[in-house]
Structures are given as C-alpha cells and as structure tokens.
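Quick note, in my numbering, the sequence shown goes up one by one and the last residue is 1106.
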Amino acid sequence: MSSSTLRLPARSLASLVLLTAAWLAAGTAIAAEQADARQAIPATQKQYRLVRSGEHGYQLQQVDAPVRMPGPHEVLVRVNAASLNRRDVFVMKGQYPVGQRDSLVPLSDGAGEVVAIGPGVTRFKTGNRVAAIFFQRWLSGRPPADLPSSALGGGMDGMLTQYTTLSEEGLVALPKNLSYEEGATLPCAGVTAWNGLFTRGRIQAGDYVLLEGTGGVSMFGLQFAVAAGAKPIITSSSDEKLARAKALGAFGTINYRTTPEWDKSVLSLTGGVGVHEVLEVGGKDTLPRALASLAPGGHIALIGGLGGFGGTIPALSILDRNESVSGIYVGSRENFEAMNAYIAAHNVKPVIDQVFDFKDAPAAYELMESDKFLGKIVIRL
Ligand SMILES: NC(=O)c1ccc[n+]([C@@H]2O[C@H](COP(=O)([O-])OP(=O)(O)OC[C@H]3O[C@@H](n4cnc5c(N)ncnc54)[C@H](OP(=O)(O)O)[C@@H]3O)[C@@H](O)[C@H]2O)c1
726 MSSSTLRLPA
736 RSLASLVLLT
746 AAWLAAGTAI
756 AAEQADARQA
766 IPATQKQYRL
776 VRSGEHGYQL
786 QQVDAPVRMP
796 GPHEVLVRVN
806 AASLNRRDVF
816 VMKGQYPVGQ
826 RDSLVPLSDG
836 AGEVVAIGPG
846 VTRFKTGNRV
856 AAIFFQRWLS
866 GRPPADLPSS
876 ALGGGMDGML
886 TQYTTLSEEG
896 LVALPKNLSY
906 EEGATLPCAG
916 VTAWNGLFTR
926 GRIQAGDYVL
936 LEGTGGVSMF
946 GLQFAVAAGA
956 KPIITSSSDE
966 KLARAKALGA
976 FGTINYRTTP
986 EWDKSVLSLT
996 GGVGVHEVLE
1006 VGGKDTLPRA
1016 LASLAPGGHI
1026 ALIGGLGGFG
1036 GTIPALSILD
1046 RNESVSGIYV
1056 GSRENFEAMN
1066 AYIAAHNVKP
1076 VIDQVFDFKD
1086 APAAYELMES
1096 DKFLGKIVIR
1106 L
C-alpha cells in the first residue's frame, strides 16, 4: 500500500469531520432561525379599535389584542402600513353601514408580510409581500349578495393592527415596484379608480378624462389616465394642489371654487368635445356638471358623495348621446390583480401626502377631515 493511499482516508476523515461540523452548525443555525421566526410572532399586539360612543359614532382607542395563529387556509400577516379613505371617517362618525358592531378594527387598506401560514395554504408562503382585498369574499366576476359583510374595516375587522389573520383568498401579491407604504394605498381608492376607468370604463389613449378633487380616488385616476396616454382634467378647491396635479401630468386644471360653472371650462379645455370618462366622487352637487361635461359615448363612473349622495340621471339624454353610467363599489380580487399588473408594467407610484407613525393615527384621521392633503394618507406600523 502506498503512502498516498494511506493518506487519502485520513484526508477524507478530516473532510468528513469538517463537513459534519459545518452541517451541524448549519442545522443549528436553521433551527435557531426557525425558532427566531416563531419567537418573532408575539402572543399579543397593539391595535386600534373603534369603540361605540353614545348613539352615533365611535371613538378610536389603542388596545392590546391577541395575535391569532392561522388556521387551515389562513395566513398571518405582519401589517407594515395602512392607509385611510374618506369612508374611514364616515365609519368613525357612524355614517357608514358596518352592521350592529360595538367595536371594530378600522381601515380597509393595508399591506405587510406573510409571517406564518396555516395548513393547506397554497397561494402564499412566509416572506411574501401582500395587500388585503377590500371585500374579502369578492374574488372575481359579479359581486356576491352579502358584499358589505366581508368589507375590511366595516363588516370585518380591518388593517389598523400590527397583525391580522386572513383567508389566503383575501390577499394579493404587492406589485414589485411598490414599498409597503405605497402598496397600502391600493385596495380601496386604487381598485375603485381602476374599475371606473378600465373595467367598467373603456379608457383609450387620447381620451379626455375628468377627475373631481385631489383625493385618493381622483389622484389614482390621474395617474392611470396619464399612464394610458389619456388627457386628465382635474378640479380642486386649491390652486396649490392643482399645481401639484399639473406636475403629475394633468392636461387641464380647474379651481371649482373660483370657477363654479366648471363644466363650461371642461368643454372649453376639450375644444367642445367633452370628456370620455368621469370618476364621479362629488355626488349630488357635481353630477349635473359631470353630465354636462360628457362627450357623446362617454362614461360616468358613479363612485362617491363628497357633497352628499343623490342627483338625477337624465334617461333620455343618456340614450340620445349613447352615454353610460355605472355604479362602482371598489371591486374584486381579480380586478385588484389586473390593476397590480398595470401598476408594475407602467411603474405607477401612488401619491402619498403624509406618513404617520402608529401612535399618531388620530392625527392621520384629523388630516383627512381637514381636506389639507393630496392623494393618500398612510400610517406606518
Ligand atoms: N364607491 C366606491 O367604491 C368608493 C371607493 C372609494 C371612495 N369612494 C367615495 O368617493 C369619494 C372620494 O373618496 P376619497 O377617499 O378619494 O376621498 P378623499 O381622499 O377624502 O378626497 C377628498 C378630496 O375631494 C375633494 N372634494 C371634497 N368635497 C368635494 C366636492 N363637494 N366636490 C368635489 N370635490 C370635493 C377635495 O379635494 P380638493 O381639496 O382638491 O378640493 C378633498 O380634498 C368619497 O365620497 C368616498 O366615500 C367610493
């Protein structure tokens, strides 16, 4: 036997010892990592709840609440950011139907990371970046009959909470180009604007599009219209906000305070053509002017009632001019996913006015009520 053949086993033995040590160390590290991941999920968390106060409305309170580990087909999400919609102010004031609930976690909109999955989950794994869908049970096609009961921050507890346990069906993957804070703005205002323009509306490049005010829905409408090569015209009560909208690509801007007959300005800006798509958020005060601004064959997406709900749809002139009006109530998971693909493809970045810390959530509500913001208001958790 040569000395070389004698040395080989010794080297192999040494290698084996080293490999085994490395494997053991790696195994310990993996075990530790898994243990850390489990330890990182606390038994309790901070969350805000709206607690019924008197006959009308709710008070916002921060509470300690249990973290519920996910059951079959559920995932646990560590919420990193949430955002406000006008609806959340209405909910707090008791002006929005949430069922007979004495307390609820507010806000429909939030985004975060999947930190644990229950048995049978196939849509997500830990580490995935997700946003919750507004109506947890509207996945595709026509809305189910019991729509409001599955609305987050309404019929169901919402997203102003450090952890939430949801069905895997009630989440979508975040677009890769967005941060958690940007992703948290999408579920209500984003999906509503998307459906108004692309699903129920049929926006084309070159179309004139009318957006009312500079809130969440309208700013998404502005950005989607710009991305589609359309010409958005936006109204506001503030010249300063209009200047910001112009910088974001608005074709035309009108101050609805100083120009109360703003429909005439819309017609003038479009050379008498009128607009092809409208996101109607103003309600009874703006609807007549939105109708007067419409081009033949145009479409109005009925979305909101900032100035109060109501108004009349003139059946004969809608018919005569081949116009259409559709009611939009956010949308489905399928709509959300279509929008996310568009956002990623066009690198649309939601407009965030201000980001608040979790402890300052009441100040975020105050800003929304003040109307002194443009686009979205976000709370970082
Ligand atoms: N149907 C749905 O699925 C759906 C989804 C989302 C929202 N909504 C509704 O749509 C509306 C807008 O929601 P949002 O979350 O985008 O609101 P928001 O972010 O609170 O927008 C508020 C902005 O709208 C403008 N505004 C206020 N009163 C107005 C009026 N009378 N006429 C025209 N503009 C007015 C103001 O803009 P300036 O400061 O620039 O003047 C204000 O800052 C709300 O009624 C909301 O409930 C409905």
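Built from N, CA and C at the ideal position, the CB exists for glycine as well.
- Taking Ile842 as the centre and dropping the five residues before and after it, the same chain places the C-beta of Pro795, Val800, Phe849, Lys850 and Thr851 closer than 7 Å to its C-beta, in chain order.
- If you draw a straight line from the Cα of Leu935 to the Cα of Phe923, it is about 14 Å long.
- Remark: the shortest separation between the CB of Ser943 and any heavy atom of ligand 1 falls under 7 Å.
- Excluding five sequence positions before and after Arg774, the CB atoms of its chain that fall closer than 7 Å to its own CB belong to Gln786, Val788, Ser828, Leu829 and Val830, given in chain order.
- Val840 has its CB no nearer than 7 Å to any heavy atom of ligand 1.
- Ala1015 has its alpha-carbon roughly 14 Å from the corresponding atom of Leu1031.
- Annotation for Lys771: the continuous beta strand (DSSP E) segment containing it runs Thr769 to Arg777.
- With a threshold of 16 other beta carbon atoms within 10 Å, Leu1041 falls short and is exposed.
- For the set Gly1056, Asn1072, Asn805 and Gly824, the Cα lying nearest the Cα of Asn853 is the one of Asn805.
- Linking Glu1094 to Leu809 through their CA atoms gives a straight-line distance of about 11 Å.
- For the pair Ser904 and Tyr1067, the Cα-to-Cα distance works out to about 16 Å.
- Counting along the chain, the unbroken alpha helix (DSSP H) around Gly908 starts and ends at Tyr905 to Gly908.
- Here the stretch 915-929 lies against the stretch 940-950, with 3 or more beta-carbon pairs under 8 Å apart.
- Annotated as proximal: Ala955 and Ala930, with beta-carbon spacing under 8 Å.
- Inside the stretch 797-825, DSSP marks whole beta strand (DSSP E) runs of 3 or more residues at positions 799-809, from first to last along the chain.
- When rounded, the separation of the alpha-carbon atoms in His1001 and Pro767 is 52 Å.
- As DSSP reads the structure, Arg854 sits in a beta bridge with Glu838.
- Counting of Cβ neighbours within 10 angstroms places Arg927 among the exposed residues, the total staying below 16.
- The C-beta distance from Pro900 to Asp834 rounds to 15 Å, too long to meet the 8 Å contact threshold.
- For Val1055, no pairing in a beta bridge is given by DSSP.
- In the three-state reduction of the DSSP assignment, Gly921 falls in the helix class, which pools H, G and I.
- Shown here, Ile1102 sits in a strand according to DSSP, grouped into three states.
- Residue range Ala1086 to Ser1095 is occupied by the alpha helix (DSSP H) that includes Ala1089.
- Under DSSP, Tyr783 forms a beta bridge with Arg777.
- In this structure, DSSP gives Ser943 a helical state, which the three-state scheme calls helix.
- Asp988 carries a helical assignment under DSSP once its states are collapsed to helix, strand and coil.
- Annotation for Thr886 indicates a beta carbon at 7 Å or more from all heavy atoms of ligand 1.
- Our two residues, Val840 and Val802, have alpha carbons roughly 6 Å apart in a direct line.
- In this structure Phe949 is buried. Its beta-carbon is surrounded by 16 or more other beta-carbon atoms within 10 angstroms.
- In this structure, ligand 1 has a non-hydrogen atom nearer than 7 Å to the beta-carbon of Tyr1054.
- Residue environment: Leu1044 is assigned as exposed (fewer than 16 neighbouring CB atoms within 10 Å of its CB, all protein chains considered).
- The DSSP-derived three-state label of Ser993 is helix.
- The bridge partners DSSP lists for Asp1082 are Arg1105.
- Just measuring C-alpha positions, the residue of Ala968, Val897 and Asn1065 sitting nearest Gly837 is Val897.
- Around the beta carbon of His781, fewer than 16 other beta carbons lie within 10 angstroms, which makes this residue exposed.
- Three or more Cβ pairs closer than 8 Å define a contact, and the stretch 1068-1080 falls short of that threshold against the stretch 868-886.
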